[in-house]
Structure formats: structure tokens, C-alpha cells
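Chains as they are written, first to last, in numbering that gives the first Met the number 0: chain A, 0 to 361; chain B, 0 to 243. All C-beta atoms, glycine included, are put in the ideal place defined by N, C-alpha and C.
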Amino acid sequence: MININKIYQWSRTNLFSNWYNSLLSLIIVFAFIKFIPPLLNWLFFDATFRGSSKAECYGDGACWIFIKVWFQKLIYGLYPENQVWRINLAFLILIFSVITSIFVKPTIRRYIIIFLIFVFPFLAIWLIGGFAIDIESLEIYIPILEEVDTRVWGGLSLTFIIAIFAMLFCFPIGIILALGRRSELPAIKYSSIVFIEFWRGVPLITVLFMASVMFPLFLPGDTNVDKLMRCVIGITLFEAAYMAEVVRGGLQALPRGQYDAAKSLGMGYWQMNALIILPQALKIVIPGIANTFIALFKDTPLILVVGLLEFLGMIKLAGANPDWLGFAVEGYVFAATVYWIFCFSMSRYSQRLEIRFSTERK
Amino acid sequence: MSDKIIELKSVNKWFGDFQVLKDVNLEVGLKQKIVVCGPSGSGKSTLIRCINRLEEHQQGQIFVDGIELTQATKDIEKIRAEVGMVFQQFNLFPHLSVVDNCALAPIWVKKMSKKEAEELALQQLETVHISDQARKFPGQLSGGQQQRAAIARALCMKPKIMLFDEPTSALDPEMIKEVLDVMVELAKGGMTMIVVTHEMGFAKEVADQMIFMDEGMIVEKASTKEFFANPKNERTKLFLSQIL
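In C-alpha cells, the structure reads:
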């Protein structure tokens, strides 16, 4: 009885305190009753999970067989099936090192972070792209891992490859640009401003078109830079300009006294920035950095316009398959869920960082 | 004077059109303690900020430990490392613990080992009586403790000269004494000091020489006894009558 009384009291104060709050509460309750059950029915209760062909889908619910059948392609794109272990291995190394870094001592964690930033990306590309020992002068050619052209890379794994590389490089470039924009040397200052304003002023889709169509025209005939790489460079520079402005916001939030104190202790420009200014400025702009990273992650599907099919691109391709017409909704719901999970994780992680780095009044 | 460590020769400085320092001449001998006072906006802070080149002067010459500060001075960091500075707003690094605040510059500027620097930091924190606060962050300390930590941080660089820019002006009255006590101890230990302050009690106790500034000029320069007993300039008399 006490409980019911409590609920009654709580709803009196929070839901039905006056006539318009009561009205709003009732409308919301009505909306829940009206929309949630059909949604759940479509997603789960009337949905088909078992089976392997379109014909097995019955009823009014979602046909998750579509996702099941195409799952391999949604994750790996058109990557040769017998080589998929290479992608798995690369991501297993990533997950393994991230998880161990949580549990080991800070001294060892430092090495893992250095590995993740400076070694792992190139190791992963090597692993996924394949390589060979090729010494032309000795006519030695030993294919160690079969070469897989980037045109067949795709799916969620490609989303991650693009996102990880772009994040990894846009962050330091953004910091350098932010410092450059505040430099006292006019040459550095104005070239930073021109760079930032140029890349911020151009839509990403244009950047990608330029990277894929225009850029090769400026290169000498025999040089061939991979299309995926050109796109990743384009996205990196584009996001670096945004990152620069986010970081600059943090730099401007610091009182001048911090600069004075660092200088008065005899620190030079780089020491002052690396030890005093950036640690504080970056801490202030963690939400902005997370924002930029999340936006970057969600911008990756745009590489569709140059014919590269990452996760969303593969879903579109699957939905356009003549055997599977009419399942676009399932595809998009699945895509939305996957994107949401990763973006939300990034958001939560950034909040954890904010708490971890806070030293004010612990 | 052979043991002259700072020398300013007709220094002029402008902020835009506004002249903040007008023909300032000053000599500071080794182990001398100078107190600079004067109304706000008289250029006291700018004067001492010029000595470690946090501000650039436009005319005249400034010598610190025999080296002239000019645009071309490449090793300005080396000179700054020899000149400790304490600020009105403490300017501790909020993202580092107190002991790390003190050990940071010795490690990176003087290339001291981490262990050695931490020992030095704890030792200096002991001399300002807050070694028990070493592991806390600046935000957890009172104003007086923060300012003492800032003094310890400057001392860790083993400076030849200490500059104090109104070190007690941002403090609550009951905390002023603990900071001044530390500064008196430092003065008695033989440190060369230039202190911008309005704490005349402190000035009488430690200063060898008093400087009164107004409108960017050094109006009166006299030994401490002379300055308080028999000020010559009308503006000095007025100022002293107001604050004493």
C-alpha cells in the first residue's frame, strides 16, 4: 500500500501537477500505447528470423533473413571469402590490445598505445591489403599474402578502416593547424587560416569527387595513388579543419596566466604547448572532439559517390538485388541500429574521459 | 658595482599609443631586495614582466645577469629559467598535482631525472610548509596554499632572482600572512628579490630599497628608512598617507 501511495504522490507532483501537464502526460501515454506495440510486433513478434530465402518470410513483420543472408557481405564487402580471416585477425588484434590496455599497468599501457597509434594501422593495412617481397634487381617475387585490391574492400570493415585512419590523422593535423592559426609568425598563421577556411568551405561530397576524379588529372601519367587512399586523405584533411577549430576553442579558453607561468619557468614553445596548454585545452574540448569523431563516422557512407561501398553502401547494394527487392526498410533499420550503437559508444566513452581527466575539486 | 645582476637603461614601452614605461632606469645588485609600489596602472607589473621578457620593451636596454634582452636573444628560455616569477593569480597548472607542478620544469627544462626532480619538489614544498599537500591538485588548495605552492614551483628552478607581481593581492586577509612569512624567510635566505606589493609592513621588514612609480615613471627611489621617514616627492607622500 505504501508503494502505491508513493507512486500516486510521485505522479501527482510530476505528471499531473496542473491541467496542461496532465494533458501532455495523457498524450504521451496514448502515443506509447498506439505506436510501441506495432513497432515491437514488426521488429520481433511478427518478424521472421529463421530461414535462408525470401520465400520463407511470412506475416507482416520484418524479414531478418535478408540481413542474415547478406551478413557476410555487409561486414566484409566483396572481399574474397577465403581471405576474410585477415580482416578478422586485424580487428582481433585491435580489440585484444584495447582490452589488455585497460587491465595492465600504466607503464605497459603506454607501449600498447604507441603500438596502436604508430604500428597497428599500417600492420592492419598490410594484413588486409596483402603484400609481397619484391626485389626487382634480383628478380625475387614472393607473394606472402595475396594482394586484395581496395575496390573489393567494403562493408562495415571498410567503414572502420576509413574511420580509424581518418580519426588517427585528422586529430594531430587539427592540433597543428589550431596552434598554427594562433602563431605569431604571419606565414604560418595565414597558411593555417587559408587551409582551414578552404576545407571548411567545401562540402565533403565535393572533396570526395575531387579526390577521385580531379586529383589524378594533376598527377604525372604513371603515378597511381589508390582511390580509397585518396578518399581517406580527403576525409582526413576535411575533418582536420573542423578539428582545428574545435581545438582552437579550447586554446582560447585558457587564461593567459598559464602561458605566462610556463614561459617564466623557462619552457620553450613546444614544451609549453605539449605539457601545459594542450593537456588543458584538449580536456576542455573533449565533447567537441567526440562530436567531430561521431560526425566523421557518420560521414563515411558518402564514399558511395565514388563507387566505394562501405556498410550503408553494401546495404543499398543488397536491397537493389533483384532477388531481394522490397527489403530496404529492414536494411535501413539494421544500418541505423549499428551506426547508433557505435556512435553512442563513442559518446559514452568521451563522457568517461571527461570524468577521468577532471581534477577540479575531486 | 660588479655584482649587479639586473640593469635597466632608459627603458620605454608602449601599449599601442599609451606609454606604460617612461625612461625607466634601475640597477639591482646581487642579494638586494627591492619593493616597488605605486598606484594601479603605474606600470609596476609591466616593469617586472619586462625583466623576464613576458613583455617586450621598445626602447632602451635591459640586462639580466649580463645578457641583454633583445628581439634577437635566442636563449630567452635560459634567462627565464634563472628568473623565478610569482603571479597575482598564482597560475598553478590545474591539471597537475602540486608536486608535479613543481617537478615539471626541472624535468623538462633542466633535464633532471624524475626521481631527483620529485625530491627537489618535495624539499621546496617543505620550505614553504605545504609538503603535506603535495599530492593534491591546485583546485583543492586554499589561496594561500596555492600561492606558496607557486613560490615553491619557481624555487625549484633554483633561480638567481625572484620576481613577485602583487603576490598577496588576490588573497583573503587571513592568508596574506602565511605567504608573506614565506617571502620573509626567502629574503633572509639571501635571495635577490623584486617585489611589487602594497604590503608596507613587509617592505619595512625586508626591503633594502623602495621604488615608487607613477604614470610609468620611477618617481622616487630611496633606501627603505629614508623612503618611509622622509619621502621627497609630493606624490609619494600622498600615496603613503593613503595606504599607511
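Could you tell me how far apart the beta carbons of A243 of chain A and R180 of chain A are, in whole angstroms, since I believe they sit closer than 8 Å?
Translated into positions along the first sequence, residue 243 of chain A becomes position 244. Translated into positions along the first sequence, residue 180 of chain A becomes position 181. Confirmed, about 7 Å.
How big is the Cα-Cα spacing for C62 of chain A and A54 of chain A?
Here residue 62 of chain A refers to the residue found at position 63 when the first sequence is read from its first residue. Here residue 54 of chain A refers to the residue found at position 55 when the first sequence is read from its first residue. Each residue's Cα considered, the two are about 10 Å apart.
What are the boundary residues of the alpha helix (DSSP H) that E353 of chain A is part of?
Residue numbering aside, residue 353 of chain A sits at position 354 when the first sequence is read from its first letter. For E353 of chain A, the enclosing alpha helix (DSSP H) has its first and last residue at A327 to R355.
Would you say R79 of chain B faces chain A, with C-beta separation under 8 Å as the test?
Looking up residue 79 of chain B in the second sequence gives position 80. Yes, R79 of chain B lies at the interface with chain A (some Cβ there is under 8 Å from its Cβ).
Can you list, in chain order, the residues of the region 290 to 313 of chain A whose Cβ is nearer than 9 Å to any Cβ on chain B?
Listed in sequence order: no entries.
Would you say G156 of chain B reaches chain A, if we count a Cβ-Cβ gap shorter than 8 Å as a contact?
On the second sequence, position 157 is the one that residue 156 of chain B refers to. Looking at the sequence shown, residue 156 of chain B is not Gly but Met. For M156 of chain B, at least one C-beta of chain A is nearer than 8 Å to its own C-beta.
Between A:L77, A:T47, A:Y189 and A:V83, which has its C-alpha nearest I66 of chain A's C-alpha?
By 1-based counting over the first sequence, the position of residue 66 of chain A is 67. Ranking the options by Cα distance to I66 of chain A, first place goes to A:T47.
For the beta strand (DSSP E) holding G50 of chain A, just list the boundary residues, first then last.
As a working note, residue 50 of chain A is residue 51 in the first sequence. No beta strand (DSSP E) holds G50 of chain A; DSSP gives it neither H nor E.
Please check if any C-beta of chain B sits within less than 8 Å of the C-beta of N275 of chain A.
Within the first sequence, residue 275 of chain A is the residue found at index 276, counting from 1. The displayed chain sequence assigns Ile, not Asn, to residue 275 of chain A. Yes, I275 of chain A counts as interfacial toward chain B.
Look up N87 of chain A in the DSSP assignment and say whether it is helix, strand or coil.
The count along the first sequence starts at 1 and reaches residue 87 of chain A at position 88. N87 of chain A falls in the helix class under three-state DSSP.
So the alpha helix (DSSP H) D259 of chain A belongs to, where does it begin and stop?
Taking the first residue of the first sequence as 1, we reach residue 259 of chain A at position 260. Going by DSSP, D259 of chain A is part of the alpha helix (DSSP H) stretching over R255 to S263.
Okay, do the region 295 to 315 of chain A and the region 32 to 47 of chain A touch, 3+ Cβ pairs below 8 Å being the bar?
Result no; under three Cβ-Cβ pairs closer than 8 Å.
Assess, as a yes-or-no matter, whether the region 11 to 28 of chain B is touched by the region 325 to 342 of chain A under the definition of 3 or more beta carbon pairs within less than 8 Å.
Under the Cβ criterion (8 Å, minimum of three pairs), the region 325 to 342 of chain A does not count as touching the region 11 to 28 of chain B.
Give the residues from the region 170 to 181 of chain A that approach chain B closer than 8 Å (Cβ to any Cβ), ordered along the chain.
Within the region 170 to 181 of chain A, no residue qualifies.
Can you give me the Cβ contacts of D45 of chain A inside the same chain, cut-off strictly under 6 Å, excluding the 5 residues immediately before and after it?
Your numbering for residue 45 of chain A matches position 46 in the first sequence. Within the same chain, D45 of chain A has close Cβ partners G58, D59 and G60.
Taking only beta-carbon atoms, is Q88 of chain B less than 8 Å away from chain A?
As a working note, residue 88 of chain B is residue 89 in the second sequence. Using a CB distance cut-off of 8 Å, Q88 of chain B counts as an interface residue toward chain A.
Can a CB atom of chain A be found closer than 8 Å to the CB of M84 of chain B?
As a position in the second sequence, residue 84 of chain B is number 85, starting the count at 1. Answer yes: the Cβ-Cβ gap between M84 of chain B and chain A drops below 8 Å somewhere.
Q60 of chain B - DSSP class collapsed to helix/strand/coil:
Mapped onto the second sequence, residue 60 of chain B falls at position 61. If DSSP states are grouped into helix, strand and coil, Q60 of chain B belongs with the strands.
If you reduce the DSSP assignment to three classes, tell me which class A319 of chain A lands in.
For the purposes of this step, residue 319 of chain A is identified with residue 320 of the first sequence, where counting begins at 1. If DSSP states are grouped into helix, strand and coil, A319 of chain A belongs with coil.
Would you mind working out which of B:M156, B:G188, B:K32 and B:I150 sits nearest Q87 of chain B, comparing C-alpha positions?
Locating residue 87 of chain B in the second sequence gives position 88, where the first residue counts as 1. Among B:M156, B:G188, B:K32 and B:I150, the Cα nearest to that of Q87 of chain B belongs to B:I150.
Short Cβ contact (8 Å threshold) for A206 of chain B with V10 of chain B
Taking the first residue of the second sequence as position 1, residue 206 of chain B is located at position 207. Taking the first residue of the second sequence as position 1, residue 10 of chain B is located at position 11. The beta carbons of A206 of chain B and V10 of chain B sit no closer together than 8 Å.
Taking a Cβ distance cut-off of 7 Å, strictly less, list which residues of the region 120 to 145 of chain B are near chain A, in chain order.
If you check each beta-carbon in the region 120 to 145 of chain B against every beta-carbon of chain A, the ones closer than 7 Å belong to F136, G138 and Q139.
Inter-residue Cα distance where the pair is K8 of chain B and A221 of chain B:
In the second sequence, residue 8 of chain B corresponds to position 9, counting from 1. In the second sequence, residue 221 of chain B corresponds to position 222, counting from 1. A straight line joining the alpha-carbon of K8 of chain B with that of A221 of chain B spans about 18 Å.
If you measure between the beta carbons of A346 of chain A and A289 of chain A, is that distance less than 8 Å?
The residue labelled residue 346 of chain A in the question sits at position 347 within the first sequence. The residue labelled residue 289 of chain A in the question sits at position 290 within the first sequence. Per the sequence presented here, residue 346 of chain A reads as Ser, with Ala not at that position. Against a cut-off of 8 Å, the Cβ pair of A289 of chain A and S346 of chain A comes out as a contact.
Would you mind telling me which residues of chain A sit closer than 7 Å to E214 of chain B, beta carbon to beta carbon, in chain order?
As a first step, residue 214 of chain B must be located in the second sequence, where it is residue number 215. Counting only Cβ-Cβ distances below 7 Å, E214 of chain B has no contacts in chain A at all, with the closest Cβ about 24 Å away.
Quick one: any contact between the region 59 to 70 of chain B and the region 234 to 250 of chain A, if contact means 3 or more CB pairs under 8 Å?
Judged by Cβ distances under 8 Å, the region 59 to 70 of chain B makes no contact with the region 234 to 250 of chain A, as fewer than three pairs qualify.
In or out: V212 of chain A buried (at least 16 other Cβ within 10 Å) or exposed?
Within the first sequence, the letter at position 213 stands for residue 212 of chain A. V212 of chain A is classed as exposed because its beta carbon has fewer than 16 other beta carbons within 10 Å across all chains shown.
So, A133 of chain B versus L124 of chain B, is the Cβ gap smaller than 8 Å?
Counted from its first residue, the second sequence places residue 133 of chain B at position 134. Counted from its first residue, the second sequence places residue 124 of chain B at position 125. Cβ distance < 8 Å, so A133 of chain B and L124 of chain B count as in contact.
Is L227 of chain A a contact residue of the ligand COA, with contact defined as CB to any heavy atom under 7 Å?
As presented, the structure is devoid of all ligands, the ligand COA included, so that no description of it is given.
Apart from the five residues on each side of it in sequence, which residues of its chain come closer than 8 Å, Cβ to Cβ, to M244 of chain B?
Given that chain B is displayed from residue 0 to residue 243, the structure contains no residue 244 of chain B and the question cannot be resolved.
Are any of the Cβ atoms in chain A nearer than 8 Å to that of E245 of chain B?
For chain B, the structure presents residues 0 to 243; residue 245 of chain B sits outside this window and is missing.
State the beta-bridge partners of M13 of chain B as determined by DSSP.
Taking the first residue of the second sequence as 1, we reach residue 13 of chain B at position 14. Looking at the sequence provided, one finds Trp at residue 13 of chain B rather than Met. According to DSSP, which records beta bridges pairwise, W13 of chain B is partnered with B:Q18.
Which same chain residues, not among the five before or five after S1 of chain B, have their C-beta less than 6 Å away from its C-beta?
Position 2 of the second sequence, counted from the start, is the residue given in the question as residue 1 of chain B. A caution first: S1 of chain B carries a pLDDT of 49, below 50, which makes its placement in the model unreliable, though a value can still be read off. Cβ within range, chain order: n/a, list empty.
Compare the C-beta of Q251 of chain A with all C-beta atoms of chain B and state if any pair is closer than 8 Å.
Counting from 1 along the first sequence, the entry for residue 251 of chain A is found at position 252. At a cut-off of 8 Å between C-beta atoms, Q251 of chain A does not count as an interface residue with respect to chain B.
Give a yes or no on whether the minimum CB-CB distance between S263 of chain A and chain B is below 8 Å.
Mapped onto the first sequence, residue 263 of chain A falls at position 264. Closer than 8 Å: yes.
Counting only C-beta atoms, is V108 of chain B closer than 8 Å to chain A at any point?
Translated into positions along the second sequence, residue 108 of chain B becomes position 109. Interface residue, yes.
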